[in-house]
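In our numbering, the protein residues as written are 329 to 470.
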């Protein structure tokens, strides 16, 4: 096992805009989510969604979630990094938190910004992180 740190992984995750968020309420369901470049990684990931979506209902039933990030091949043809996160999701309805994690790129999905009706913030706190980059692999527990 290698010795990457949370800082090393956050640098890699900054360039990986999308991940798959997996919920499990009897069946595993995955859907793409953007991390919006909000990656000063301390073990928490932040995602915006609409409160009336199936993913929110899933999280309300069972907050255990998985995140899967992957990167294509590097310019030299080496495999990119793969990051799998097991964590616990928290649903946040606090406008101050909306503003703290907002990036301009979110306007595409939430046209009224942090005032968009029905918007909710999903905070995923990592409990275990596994990674593989073609040369080394490892596991972190933040």
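Every residue gets a Cβ at the ideal spot worked out from N, C-alpha and C, and that includes glycine.
Would you mind stating whether residue i and residue j have Cβ atoms separated by less than 8 angstroms?
i	j	result
residue 461	residue 409	yes
residue 470	residue 371	yes
residue 412	residue 455	no
residue 459	residue 334	no
Please report the distance separating the alpha-carbon of residue i from that of residue j.
i	j	result
residue 473	residue 386	Nothing can be reported for residue 473, as the shown portion of the chain is limited to 329 through 470.
residue 346	residue 363	6 angstroms
residue 467	residue 357	24 angstroms
residue 431	residue 360	18 angstroms
residue 407	residue 399	8 angstroms
residue 440	residue 464	43 angstroms
residue 342	residue 389	30 angstroms
residue 426	residue 383	18 angstroms
residue 380	residue 332	38 angstroms
residue 344	residue 435	19 angstroms
residue 453	residue 397	15 angstroms
residue 428	residue 391	22 angstroms
residue 394	residue 437	23 angstroms
Please classify residue i as buried or exposed, where buried requires at least 16 neighbouring CB atoms within 10 angstroms.
i	result
residue 417	buried
residue 340	buried
residue 329	Annotation note: pLDDT 46 at residue 329 (below 50); position unreliable, coordinate value reported separately. Counting Cβ neighbours within 10 Å, residue 329 comes out exposed, since fewer than 16 surround it.
Exercise. Only counting runs of 4 or more residues, tell me where the alpha helix (DSSP H) segments fall wholly within the region 347-379, in order along the chain.
Key: none
Self-check item: Cβ contact (3+ pairs, closer than 8 angstroms) linking the region 446-459 and the region 409-424
Solution: yes
Quiz item: Counting pairs of Cβ atoms below 8 angstroms between the region 369-383 and the region 334-349, do you hit three or more?
Solution: yes
Quiz item: Along the chain, which unbroken stretches of the alpha helix (DSSP H) at least 4 residues long are found entirely within the region 425-450?
Solution: No alpha helix (DSSP H) of 4 residues or more sits fully in the region 425-450.
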